[in-house]
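Each residue of the sequence shown is one higher than the one before, starting from 33 at the first, in our numbering. Note that CB positions come from ideal geometry on N, CA and C, so glycine has one too. Predicted, not measured: the structure shown is a model, and the values here were computed from it. This report concerns only the one structure given below.
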Amino acid sequence: MKTLPLGVEPVVAPRHIFNDSRSLIGLTHKEVAEKLREIGIPEKQCRMRAQQIWHWIYFRGAKSFDEMKNISKEMRNKFAEHFDVGRPEIIEALISKDGTRKWLMKFPDRQEVETVFIPEADRGTLCISSQVGCTLTCKFCHTGTQRLVRNLSPTEIVMQLLVARDYLGEWPSPSEGRLVSTIVLMGMGEPLYNFENVKKAMQIVMDDNGINLSRRRITLSTSGVVPEIYRCGEELGVNLAISLHAVDDETRSEIMPINKKYPIDELLTACKNYGGIKNSRKITFEYILLKGINDSDEDAFKLVKLIKDYKIHAKVNLIPFNPWPGSSYERPGKERISKFSKIIFDQGISAPIRTTRGEDILAACGQLKSESEKARKSIKKT
Ligand code: SAH
Ligand code: SF4
């Protein structure tokens, strides 16, 4: 697609702005069939019609019932009277100079979330939000400073993938060579504080009647909500990334208040058991490098020691701190970051430094925050 000046994509005015309570997106097969039953579709047709609708939504990317040509016009009209398969309003669609894209979408209650697409040589990663804002106030995170917070519904979570594919032109759903090949739940919010909805949305995305994305291509990132980590392993089985960011409780509690509730020992015990004892899965530890806070040689040695002491099959992802307007930390220098990474690598644990993507459009890790919230703040200041 052609990049316009300033990297702004034309925002396509949707014909339908979706209505959450009428939307069939984010409902299971069974639930769609049940909805059809409620509007008087004959019992023996409900399953088949639900299957057709699923195919149109998740395989063909239909945004209206009108497109569903193998369903009679009369029935399509009846569906449109009661239901909706439209999209949310897209307030902003940006393209970074490195190809990263960001969409800001607005839901019917005027709440907004951001979704980011990161193209790489061998894959395309979609970073999905699970909440509007976040209650957890980690000190280094822009999302954590947003006061308005609510959980996203399964509809709103799945919708982010559909919107990305609309813009990328990825319909009908290809089985190979996909642009969106990987999903990471690393956008706004703490996914394990909205586990039920995240679980349902991911089950829909994994369903082989629709998008059919393998659970191995989905990674959930958490700040460490220990009880839900156990549930996530048992009930969803996606890859797990832990925002560790510090190796002692004092530092971690200072930068991540959730550590006071679930300290490092409890967190690492949950990681050790993720996926069951027999089936233990590789865990990714995310580690933000904050200058003078957690970036010393001793921190790097201690990180390796923790992983070894708890016998966790792990890799480390080093994330140089991404600044945002008003943030109070600094990114360490290049040499410090390389040394930190080398110490870990030298002891046999992979610790690549994550390249920052989409910084010019505030799309990098920890930079997401809704535009309206920013606008409200700047109005107050003037
Ligand atoms: N709430 C979840 C998922 C969203 S945050 C979690 O905390 O894991 C996604 C990742 O971005 C987390 O690892 C988070 O710690 C990191 N992050 C937050 N703010 C950041 C910043 N300013 N610079 C770099 N990474 C940041
Ligand atoms: Fe919330 Fe994650 Fe940001 Fe912490 S890092 S405030 S848990 S989104």
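Check: residue i C-beta below 7 Å from any heavy atom of the ligand SAH
{"i": "W86", "result": "no"}
{"i": "I215", "result": "no"}
{"i": "E222", "result": "yes"}
{"i": "T283", "result": "no"}
{"i": "N354", "result": "yes"}
{"i": "S360", "result": "no"}
{"i": "S275", "result": "yes"}
{"i": "I351", "result": "yes"}
{"i": "I315", "result": "no"}
{"i": "I320", "result": "yes"}
{"i": "M100", "result": "no"}
{"i": "F372", "result": "no"}
Exposure label - residue i; buried when at least 16 CB within 10 Å
{"i": "A196", "result": "buried"}
{"i": "G380", "result": "exposed"}
{"i": "S53", "result": "exposed"}
{"i": "D327", "result": "buried"}
{"i": "P384", "result": "exposed"}
{"i": "L36", "result": "Confidence is the limiting factor: at L36 the pLDDT is only 47, short of 50, which leaves the residue's position unreliable, though a coordinate-based value still follows. It counts as exposed."}
{"i": "L180", "result": "exposed"}
{"i": "M220", "result": "buried"}
{"i": "E66", "result": "exposed"}
{"i": "D154", "result": "exposed"}
{"i": "S360", "result": "exposed"}
{"i": "K76", "result": "exposed"}
{"i": "E152", "result": "exposed"}
{"i": "D141", "result": "exposed"}
{"i": "K95", "result": "buried"}
Sub-8 Å separation of residue i and residue j beta-carbons
{"i": "Y90", "j": "S205", "result": "yes"}
{"i": "I274", "j": "I315", "result": "yes"}
{"i": "K252", "j": "P223", "result": "The sequence shown places Leu at residue 252, rather than the Lys named in the question. Contact flag set, yes."}
{"i": "L217", "j": "V237", "result": "no"}
{"i": "D239", "j": "G93", "result": "no"}
Cβ-heavy atom distance, residue i to the ligand SF4, below 7 Å
{"i": "M234", "result": "no"}
{"i": "L168", "result": "yes"}
{"i": "S104", "result": "no"}
{"i": "T175", "result": "yes"}
{"i": "S255", "result": "yes"}
{"i": "S55", "result": "no"}
Contact belief for residue i with residue j at Cβ below 8 Å, rounded distance in angstroms
{"i": "Y319", "j": "L272", "result": "Actually they are not in contact, since the Cβ atoms of Y319 and L272 sit about 15 Å apart, beyond 8 Å."}
{"i": "E298", "j": "V258", "result": "5 Å"}
{"i": "T169", "j": "S55", "result": "Actually they do not touch by this definition, with Cβ atoms about 31 Å apart."}
{"i": "I351", "j": "R386", "result": "5 Å"}
{"i": "L158", "j": "V212", "result": "5 Å"}
8 Å Cβ shell around residue i - same chain, five flanking residues per side excluded
{"i": "Q84", "result": "M100, N102, I103"}
{"i": "A396", "result": "N354, T388, R389, G390"}
{"i": "T177", "result": "T169, G358, K401"}
{"i": "P289", "result": "L168, T169, C170"}
{"i": "R108", "result": "F97, D98, M100"}
{"i": "R249", "result": "S213, T214, I215"}
Residues of its chain near residue i, where Cβ-Cβ distance is below 6 Å and the 5 sequence neighbours each way are ignored
{"i": "F227", "result": "E260"}
{"i": "I71", "result": "H114"}
{"i": "F317", "result": "I274, L276, A346, V348"}
{"i": "G265", "result": "Y306, G307"}
{"i": "L59", "result": "none"}
{"i": "Y342", "result": "L300, K304"}
{"i": "R133", "result": "I127, F149"}
{"i": "S370", "result": "none"}
Own chain, CB closer than 7 Å to residue i, minus 5 neighbours either side, in chain order
{"i": "K138", "result": "P120, E121, I123, E144"}
{"i": "R368", "result": "D327"}
{"i": "A302", "result": "V258, I261, Y262"}
{"i": "K412", "result": "In this prediction, K412 has a pLDDT of 44, which is less than 50 and means its spatial position is unreliable; what the coordinates show is noted afterwards. So no residue of the chain qualifies."}
{"i": "D281", "result": "N291, P295, I296"}
{"i": "I339", "result": "A346, I381"}
{"i": "A278", "result": "R284, I287, N326"}
{"i": "L68", "result": "C78, R81, A82"}
{"i": "G201", "result": "none"}
Proximity test, residue i beta-carbon vs the ligand FMN heavy atom, cut-off 7 Å
{"i": "L394", "result": "Ligands in the displayed structure: the ligand SAH and the ligand SF4; the ligand FMN is not one of them."}
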